[in-house]
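**Student:** When we follow my numbering, the leftmost residue of the sequence shown carries the number 5, and every step to the right adds one.
This is the structure I have questions about; it appears just below.
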Amino acid sequence: MDTLRASVVLAAGAAAVPALAAPADDPLVDLIQGVSRAEALDVFLGDGEWSPPALAWKTLALTDAGTPVRSPAWHGIDERLARALAPERAGRAGGARAIQWAMRPTARAGVGGWTPPNQGGNVEDGLASVRGGFDARLLHRGLELAVRPEFGLDAGPWSGGIRMDEAWAGWRGPHLVAGFGRRDRWIGPGRRGALLLSDNAASPPMGTIAGQGRLPGRLRQVGQLRLETSLGWFDRPREDVDHPLLLLVDARWLPVPGLEIGVTRLSMFGGEGRPLPSAGQILLPTHPHVHGDPEKEEPDQNEQASIDVRGCLPLARLAGGPVDWIEGWWQYGAEDLIVRDFAGVSYPSLAGVAHLYGFEAGFGPFAVTVEGARILDDTFRWYTGHRVYHDGFTQDGRVLGHEAGGDATDLWARVAWHPKPHRWHAEAWGERILSVGVVESQGGHLFALAADELRWRAGVRVAFLGPGGGRVGVGYTRERIEGAGFVPGADEVEHHVAVAWTAGPLGPTGAAGR
Numbered sequence: 005m006d007t008l009r010a011s012v013v014l015a016a017g018a019a020a021v022p023a024l025a026a027p028a029d030d031p032l033v034d035l036i037q038g039v040s041r042a043e044a045l046d047v048f049l050g051d052g053e054w055s056p057p058a059l060a061w062k063t064l065a066l067t068d069a070g071t072p073v074r075s076p077a078w079h080g081i082d083e084r085l086a087r088a089l090a091p092e093r094a095g096r097a098g099g100a101r102a103i104q105w106a107m108r109p110t111a112r113a114g115v116g117g118w119t120p121p122n123q124g125g126n127v128e129d130g131l132a133s134v135r136g137g138f139d140a141r142l143l144h145r146g147l148e149l150a151v152r153p154e155f156g157l158d159a160g161p162w163s164g165g166i167r168m169d170e171a172w173a174g175w176r177g178p179h180l181v182a183g184f185g186r187r188d189r190w191i192g193p194g195r196r197g198a199l200l201l202s203d204n205a206a207s208p209p210m211g212t213i214a215g216q217g218r219l220p221g222r223l224r225q226v227g228q229l230r231l232e233t234s235l236g237w238f239d240r241p242r243e244d245v246d247h248p249l250l251l252l253v254d255a256r257w258l259p260v261p262g263l264e265i266g267v268t269r270l271s272m273f274g275g276e277g278r279p280l281p282s283a284g285q286i287l288l289p290t291h292p293h294v295h296g297d298p299e300k301e302e303p304d305q306n307e308q309a310s311i312d313v314r315g316c317l318p319l320a321r322l323a324g325g326p327v328d329w330i331e332g333w334w335q336y337g338a339e340d341l342i343v344r345d346f347a348g349v350s351y352p353s354l355a356g357v358a359h360l361y362g363f364e365a366g367f368g369p370f371a372v373t374v375e376g377a378r379i380l381d382d383t384f385r386w387y388t389g390h391r392v393y394h395d396g397f398t399q400d401g402r403v404l405g406h407e408a409g410g411d412a413t414d415l416w417a418r419v420a421w422h423p424k425p426h427r428w429h430a431e432a433w434g435e436r437i438l439s440v441g442v443v444e445s446q447g448g449h450l451f452a453l454a455a456d457e458l459r460w461r462a463g464v465r466v467a468f469l470g471p472g473g474g475r476v477g478v479g480y481t482r483e484r485i486e487g488a489g490f491v492p493g494a495d496e497v498e499h500h501v502a503v504a505w506t507a508g509p510l511g512p513t514g515a516a517g518r
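Written out as C-alpha cells, the structure is:
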C-alpha cells in the first residue's frame with residue numbers, strides 16, 4: 005500500500021505555484037481529493053467549495069463517518085491536515101465559547117511574458133510581478149468571517165494596487181451553508197477547466213444558500229443530495245451593460261461513493277438601465293432574447309447549462325494490483341436559448357454545445373492525467389458576443405468558465421511524480437489550444453478571421469509541502485503561439501518563471517499556538 009500512499013499525495017503542493025493552477029489553488033485540496041478517490045469516500049468533489057472551513061468539514065467528515073479509512077496514507081495526511089487546518093477544525097468541533105482565528109501570510113513572484121490562467125482574475129500581466137498578502141479567518145460555532153487581501157505590483161508596464169480576492173461572511177452547519185461575499189468557485193469534475201464556472205476570472209459577489217444530506221427513512225438508500233442557489237452580480241467595469249445579475253443553480257447526486265452526477269445552470273439578466281425579467285421567465289425563459297431595443301425597454305437573458313458525471317474505481321482497495329485508482333469524467337454543456345413550439349406550447353431549448361472529458365490514473369509514485377475540451381459553436385457564443393450582453397460571462401475580459409474561451413479546443417496532459425517521503429511533488433505538463441476567430445455565421449456560411457491561433461504550452465514545477473501546512477514551489481512555463489492575434493505568420497514565444505509561498509496558520513490553534 006506504499007504505492008497507494010504515493011498516488012494519493014502525488015498532487016500535494018502542485019497548486020502552490022501559480023503557473024497553471026489545478027482546480028483549486030491549495031495543495032491541501034489535492035490531498036483531500038486524493039484520499040477521497042483512493043478510498044471511494046462518500047463526499048462531493050464537484051461542488052467547487054474548497055475554502056479552509058469547507059476543507060475542515062470534509063476532513064472531519066472522513067473521521068466522523070464511522071467507517072475507518074483503510075489507506076495507510078490517511079494517517080500521515082490526517083496529521084498534516086490537522087495542523088494546516090487546526091483553526092478551522094477547532095472552530096467546527098469547538099463548543100459555544102470557542103472562537104478561533106487564523107492568519108496565513110502569502111507571497112509569490114513571477115518573471116516573463118506568459119499570463120497564468122485560473123488565478124481568480126489576478127492575471128500578473130507585467131513582465132515582472134510581485135504579490136503579497138494574507139488569508140485571515142474568524143470562526144465561532146457555525147459563523148465564518150474571511151478576508152483575503154493581496155497587494156500587487158507589475159512592471160512592464162507598471163501597475164499596482166490592492167485586490168480583495170475573498171471577502172465572505174456566513175454560516176456553515178452539517179447540512180446547510182449560507183452566506184454572502186466573494187469566494188472562488190470551481191463547479192464540476194475537471195482538473196484543467198470547467199465549462200460554466202472556474203477560478204479563471206474574478207469571482208462575482210454572491211449570496212448563497214446550499215443544503216446537502218440524505219433523505220430520511222428508507223429514502224436514505226437514494227444516496228447523498230446537494231442543492232445550491234446563488235444570486236449575485238458582475239461587479240467589474242463592462243462595455244455593454246453594467247452590473248448585470250448572475251444566478252447559479254447547482255444540484256448534485258452521489259448515489260454511491262465514487263459516482264457523482266451534477267446539473268448546473270448560469271443565468272445573466274437585468275443590469276443598470278435594463279428591466280428585470282419576470283420571476284417566471286427567470287425560472288423558465290420562454291422569451292429569453294430581444295432584438296432591436298435601443299430604448300432598453302425589453303428584458304433579456306443569457307443562459308448556460310451543463311451536466312457532469314465522474315466515476316472512480318479504487319482498484320488497490322478493491323483488488324490490489326499495480327494501479328491504485330482510475331477516474332473518468334465528462335461535462336456536457338449548452339448555451340444561449342432558442343424558443344421552440346410544440347402543440348402551441350412554447351418551451352426553451354439550449355443551443356450550441358461544448359464537451360469536457362478526462363481520465364486520470366494513479367500507480368505507485370506516478371499519476372497520469374489527460375483532459376480535453378471542445379467549446380466550438382459558430383452561430384451562438386459560449387462566453388461573449390451575445391445580443392444585449394455582448395461581454396457575456398466575463399469579468400475584466402476573462403471568462404468565468406474555461407480559460408480556453410469560446411470557439412476553441414483544448415488538450416492538456418500531465419505526468420506527476422511524488423517520491424518518498426511524500427513531501428515533494430514534481431510535475432511535467434503540456435497543452436494545446438486551438439482558437440478559431442469566428443466573425444459571423446449566415447445561411448450556413450461561416451465567416452472567420454484569416455488564421456487560427458494555435459498555442460503550445462509546456463511546463464515543469466516542483467513544490468514542497470511542510471508538516472505545518474506551509475508550502476513553497478517554483479515553476480517554469482513556455483508558450484509558443486502560431487498565428488498570434490489570428491494574423492497569418494505572426495508567431496510568438498513567451499516564458500514565465502514563478503515562485504510561490506504560503507505559511508501555515510498563525511493563531512491560537514495554528515503554528516504560533518503550538
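We put the beta carbon where it would ideally sit given N, CA and C, even for glycine.
(1) Comparing C-alpha positions only, which one of T373, G470, Q104 sits nearest to G194?
(2) Excluding the 5 residues flanking G117 on each side, which residues of the same chain have their C-beta closer than 8 Å to its C-beta?
(3) From Q305, A206, E276, pick the residue whose C-alpha is nearest to that of L288; which is it?
(4) Does DSSP put E299 in a helix, a strand or coil?
(5) Give the list of continuous beta strand (DSSP E) stretches no shorter than 3 residues that lie fully inside the region 466-516.
(6) Restricting to Cα atoms, I'd like to know which of R256, E431, L223 is closest to L3.
(7) Closest by CA to A320, which one among I36, A44, Q37?
(8) Return helix, strand or coil for T290, following the three-state DSSP convention.
(9) Does DSSP put G332 in a helix, a strand or coil?
(10) Determine the direct distance from the alpha carbon of R484 to that of G95, and round the result to whole angstroms.
(11) Answer yes or no: do G137 and D169 have a C-beta to C-beta separation smaller than 9 Å?
(12) Below 6 Å CB to CB, which residues in the same chain sit around Q335 once its five sequence neighbours on both sides are set aside?
(13) Please confirm whether F490 and A454 have their CB atoms less than 9 Å apart.
(14) Is the beta carbon of P109 within less than 8 Å of some heavy atom of the ligand FMN?
(15) Is the CB-CB distance between L110 and D129 below 9 Å?
(16) Touch check for the region 337-347 and the region 171-178: three-plus C-beta pairs under 8 Å?
(17) Could you tell me if F238 is buried or exposed, where buried requires 16 or more neighbouring beta carbons within 10 angstroms of its beta carbon?
(18) Identify which residue in D381, G477, G487, G473 has its Cα closest to the Cα of A86.
(19) How about G508 and G477: do their beta carbons lie closer than 9 Å?
(20) How long is the line joining the alpha carbons of P492 and A60, rounded to whole angstroms?
(21) Name the one or two DSSP bridge partners that Y351 has.
(22) Assign A90 to one of two classes, buried (16 or more other C-beta atoms within 10 Å of its C-beta) or exposed (fewer than that).
(23) Apart from the five residues on each side of it in sequence, which residues of its chain come closer than 8 Å, Cβ to Cβ, to E302?
(24) Checking the sheet assignment: what are the DSSP bridge partners for Q228?
(25) Just curious, the beta strand (DSSP E) that R385 is in, first and last residue?
(26) Which residues share a DSSP beta bridge with L306?
(27) Please look up how many angstroms separate the CB atoms of W386 and G356, rounded, as I've assumed it's under 8 Å.
(28) How many whole angstroms separate the CB atoms of R93 and L510, which I take to be in contact at a CB cut-off of 8 Å?
(29) Going residue by residue through the region 83-143, where are the continuous beta strand (DSSP E) segments of at least 3 residues, counting only ones entirely within it?
(30) Does the distance from the C-beta atom of T388 to that of G368 stay below 9 Å?
(31) I'd like to confirm the pairing. Which residues does DSSP put opposite T413 in its beta bridges?
(32) Which residues mark the beginning and the end of the alpha helix (DSSP H) in which R321 is found?
(33) Using a Cβ-Cβ cutoff of less than 7 Å, which residues in the same chain neighbour D395 once the five nearest sequence positions on both sides are dropped?
(34) Name, in chain order, the residues that DSSP records as bridge partners for G236.
**Tutor:** This is what the structure gives:
(1) T373
(2) L131, E498, H499, H500
(3) Q305
(4) coil
(5) 475-486, 495-506
(6) Given that the chain is displayed from residue 5 to residue 518, the structure contains no residue 3 and the question cannot be resolved.
(7) A44
(8) coil
(9) strand
(10) 47 Å
(11) yes
(12) G192, L199, S310, D312, L360
(13) yes
(14) In the structure on display, the ligand FMN does not appear, and there are no ligands present to speak of.
(15) According to the sequence provided, residue 110 is Thr. The question's Leu does not apply to it. Against a cut-off of 9 Å, the Cβ pair of D129 and T110 comes out as no contact.
(16) no
(17) buried
(18) G473
(19) no
(20) 51 Å
(21) R344
(22) buried
(23) P279, V294
(24) R218, L258
(25) Per DSSP, R385 belongs to no beta strand (DSSP E) and is neither H nor E.
(26) Looking at the sequence provided, one finds Asn at residue 306 rather than Leu. Answer by DSSP bridge pairing, in chain order: M272.
(27) 7 Å
(28) No, R93 and L510 are not in contact; Cβ-Cβ is about 16 Å, not under 8 Å.
(29) 103-116
(30) no
(31) R378, L438
(32) 319-323
(33) R242, E243, D244, T388
(34) M210, L250
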